[in-house]
Amino acid sequence: MKIYLNDQLVDADEAKVSVFDHGLLYGDGIFEGIRLYDGCVFKLEEHLERLEYSAKAIMLKMPWSRQQISDAVCETCRANGLKNGYIRLVITRGVGSLGLSIKNCDQPQLIIIADTIQLYPKEFYEHGLPIITVPTRRCNPAALPPTVKSLNYLNNILAKIEAQHLGYQEAIMLNDQGYVAECTGDNVFIIHKGELITPSASAGALKGITRDTALEIAEELGIPWRESNMTRYDVWVADELFLTGTAAEIVPIVEVDARKIGDGKPGKITAKFLEAFRRRVCVEGTML
């Protein structure tokens with residue numbers, strides 16, 4: 007495997023960063039997870055725009071243009087002979103001192119990994135996934151805006167650990183007001199009485215690329231949608247529920263906190279979203 011590291015492709019064993027890199031020491035950096043479908047880097051421009059927004063939010067000045075990063079992503083995929091896979095694009099603050107100050111971090115590190123991925127088994131897309139709500143709350147936007155896709159993912163990791171200890175693959179996280187924010191790595195959508203509802207970014211949800219695609223699909227299908235505060239009760243009584251994420255794609259949820267969603271099977275509207283999504287992934291993006 008070849009890894010793109012600071013303007014060159016290197017063997018995976020040689021892809022190394024300093025132990026003084028603030029990305030390692032403090033989680034000081036940003037990332038994007040991107041999918042590759044039949045040689046199409048899905049929504050690459052949208053991912054790179056969000057990357058730029060994250061960089062601006064944490065005051066990380068990137069020395070690369072969007073086109074340079076885009077070219078590097080495609081080059082890495084071609085070097086690994088990939089037509090389908092997952093791309094992890096990472097930018098760290100770079101090497102600095104052991105203190106919190108970023109004054110000595112003058113060389114950000116660009117890392118691109120292109121490999122295969124399977125987040126959930128095929129059976130979960132066919133039969134649905136059970137999930138639970140965990141105690142760990144999503145970060146308050148006043149502390150760390152969830153719209154920043156930073157390397158500091160400990161909040162999500164703790165929630166994932168809680169879910170896995172109880173035998174679940176995924177979990178809902180609430181915000182500090184008790185409203186549904188998102189799952190540990192995915193956005194949440196419910197369908198209730200023909201309407202699509204999802205938490206807003208102000209509630210603690212990431213502005214997901216697949217989330218935006220789902221909203222586009224809702225428009226295409228003529229399904230009304232809105233952003234709204236959602237309680238656990240709203241989730242429990244939903245007719246259908248699905249999660250969206252770059253790695254997860256669109257996965258139906260059939261049970262939350264031991265309560266069946268609808269009839270306990272993937273919903274018909276959810277199936278339409280998944281079908282529409284799979285039609286888009288090979289054409290909406292940047293071709294290698």
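All residue numbers for the sequence shown refer to the working numbering, where the first residue is 7 and numbers rise by one. For glycine and all other residues, C-beta sits at the position ideal for the given N, C-alpha and C. Given the structure is predicted, the values throughout are model-derived calculations rather than measurements.
- In this structure the region 283-291 lies against the region 215-224, because at least three pairs of beta carbons, one per stretch, are closer than 8 Å.
- Within a 10 Å sphere around the beta-carbon of Leu-106 sit fewer than 16 other beta-carbons, which makes this residue exposed.
- Looking at the backbone, the Cα of Leu-125 and that of Phe-37 are separated by about 18 Å.
- For Met-68, the closest alpha carbon among the candidates Glu-201, Pro-127, Glu-255, Val-96 is that of Val-96.
- For Pro-114, same chain residues with a beta-carbon under 7 Å away, outside a window of 5 residues either side, are Leu-66, Met-68, Pro-69, Ile-97, Thr-98, Arg-99, Gly-100 in chain order.
- Following the DSSP letters along the chain, one finds Cys-111 in no alpha helix (DSSP H), marked with neither H nor E.
- Look at Val-101 here: in three-state DSSP terms it is strand.
- Phe-26: not part of any beta strand (DSSP E); DSSP gives it neither H nor E.
- For Leu-249 against Asn-193, the beta-carbon gap comes to about 7 Å, under 8 Å, which counts as contact.
- The three-state reading of DSSP puts Thr-142 in coil, since its state is none of H, G, I, E or B.
- The C-beta distance from Ala-78 to Tyr-174 rounds to 37 Å, too long to meet the 8 Å contact threshold.
- Annotation: the continuous beta strand (DSSP E) that includes Trp-231 extends over 231-233.
- Taking Ser-156 as the centre and dropping the five residues before and after it, the same chain places the C-beta of Ile-36 closer than 6 Å to its C-beta, in chain order.
- Judged by beta-carbon spacing, Gly-191 lies beyond the 9 Å limit of Lys-213, meaning their Cβ atoms are not closer than that value.
- The three-state reading of DSSP puts Ser-156 in strand, counting E and B together.
- Following the DSSP letters along the chain, one finds Glu-290 in no beta strand (DSSP E), marked with neither H nor E.
- By the CB criterion at 9 Å, Leu-247 and Val-262 fall inside the cutoff.
- DSSP places Thr-204 within a strand segment (E or B) once states are collapsed to three.
- Rounded to whole angstroms, the separation of the alpha carbons of Ala-282 and Lys-128 is 18 Å.
- Taking a contact as a CB-CB distance under 8 Å, the pair Glu-176 and Ile-137 counts as one, their CB atoms being some 5 Å apart.
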